Amino acid sequence: MRRSIAIMAVLTLAAGACGDDDGGDGGGPTGEEAAGEEASAACDAWVAATQAIDIDEDLEAGILALEDFVAAAPDDVASAVEPVIPLLQDDPEVALESDEAVAAANAADEWSLGNCGDVRLDVEAVNFAFAGIPPEIEAGRVVFNLTNQTQTDEFHEALLLRKDDGVTETAHDTLAAGLGGPLSVDTALAALEPFELVGGALVEPDGGDSQDAFVVDLEPGEYIVVCLLHADSPELIEAYFAGEEVEGIRHFDHGMFAELTVS
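Residue numbers (our numbering): 5 to 267.
Printed below as a string of structure tokens:
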């Protein structure tokens, strides 16, 4: 689950063509085709890296995927990401909170936002609700771009959860049933047991300027996008993420969720 979040913007990859005027022997890919193959490889590697580091907590696999990303990504993006790799190898906990990690996430997520999704969903967090999430989408690679458009001073997260096969209740009812007890990260994680955590984003309360994006490969199933942060998050966010129990109710209880079917 993400703790440090980068600000996102769209960065479109310009692929240049470079072929002989006489057509050559046709034995290799054109410059445009090669650029497309490199972009596809970079996207695959970034999805694998974020899955390994953010979701699976498999640092070794994450580092290998980051190395693949650096090898395939455009030079400016690769140069921003490459410095974080030795830091992760040396001290992962410090590395993930470093300026280098923020810069790497900024560059990679900006690039992936414009290049890696078959579908792009621009999702707004607005006054304890999500706007921009359709009730149904097709399976495939999807880019979620979250912005904080709320009129309150709240942090918001968007956790994308896939309900386990065989669970008969709706995603909302399944999650609600597990969220009893005090407000804490531990109780939230316990409630996620009937789900697979697929991706997530966190945006700050800064007048609509805070963005975060993530890219995921979605398989068919029932999903829910939800904010499990507590109300009054500006005052309690540090205590909450530090593992303390906090008072109040969750944004989910205010109605901050959206169910969707992937077919």
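In this text, a Cβ means the ideal position worked out from N, Cα and C, and glycines have one as well.
Bear in mind the structure is a predicted one, so any value in this text is a computation, not a measurement.
Do you know how far the Cα of residue j is from the Cα of residue i?
{"i": "residue 154", "j": "residue 131", "result": "5 Å"}
{"i": "residue 232", "j": "residue 171", "result": "21 Å"}
{"i": "residue 207", "j": "residue 89", "result": "25 Å"}
{"i": "residue 1", "j": "residue 175", "result": "What the structure shows of the chain is the stretch from 5 to 267, and residue 1 is not part of that stretch, so it cannot be assessed."}
{"i": "residue 1", "j": "residue 53", "result": "Summary: the structure shown does not reach residue 1, with the chain confined to residues 5 through 267, and so no result is reported for it."}
{"i": "residue 179", "j": "residue 195", "result": "6 Å"}
{"i": "residue 85", "j": "residue 110", "result": "9 Å"}
{"i": "residue 200", "j": "residue 168", "result": "7 Å"}
{"i": "residue 124", "j": "residue 203", "result": "14 Å"}
{"i": "residue 79", "j": "residue 177", "result": "46 Å"}
{"i": "residue 128", "j": "residue 136", "result": "6 Å"}
{"i": "residue 166", "j": "residue 55", "result": "14 Å"}
{"i": "residue 46", "j": "residue 252", "result": "42 Å"}
{"i": "residue 230", "j": "residue 224", "result": "19 Å"}
{"i": "residue 77", "j": "residue 70", "result": "10 Å"}
{"i": "residue 239", "j": "residue 66", "result": "33 Å"}
{"i": "residue 250", "j": "residue 259", "result": "19 Å"}
Who does residue i pair with in a DSSP beta bridge?
{"i": "residue 123", "result": "146"}
{"i": "residue 255", "result": "Residue 255 pairs with nothing; no bridge assigned."}
Report, in whole angstroms, the separation of the C-beta atoms of residue i and residue j, which I expect to be a contact under 8 Å.
{"i": "residue 49", "j": "residue 73", "result": "4 Å"}
{"i": "residue 182", "j": "residue 197", "result": "7 Å"}
{"i": "residue 214", "j": "residue 156", "result": "Wrong, their Cβ atoms sit about 13 Å apart, outside the cutoff."}
{"i": "residue 91", "j": "residue 82", "result": "The pair is not a contact, with the Cβ atoms about 16 Å apart (cut-off 8 Å)."}
Secondary structure at residue i, three-state DSSP: helix, strand or coil?
{"i": "residue 131", "result": "coil"}
{"i": "residue 114", "result": "helix"}
{"i": "residue 261", "result": "strand"}
{"i": "residue 272", "result": "The shown model of the chain, from 5 to 267, leaves out residue 272, and the question about it has no answer."}
{"i": "residue 266", "result": "strand"}
{"i": "residue 154", "result": "coil"}
Is the Cβ of residue i closer than 8 Å to any Cβ of chain C?
{"i": "residue 89", "result": "Here there is only one protein chain, and chain C is not present."}
Uninterrupted alpha helix (DSSP H) stretches inside the region 170-250 (no shorter than 4 residues): Scanning the region 170-250 from its first residue to its last, the whole alpha helix (DSSP H) runs of 4-plus residues come out as 175-182, 189-195 and 237-245.
What are the uninterrupted segments assigned as alpha helix (DSSP H) that are 4 or more residues long and contained completely in the region 34-110, given in chain order? Positions of the alpha helix (DSSP H) runs, each at least 4 residues long and wholly inside the region 34-110, are given as 35-54, 63-76, 79-85, 88-94 and 96-100 in order along the chain.
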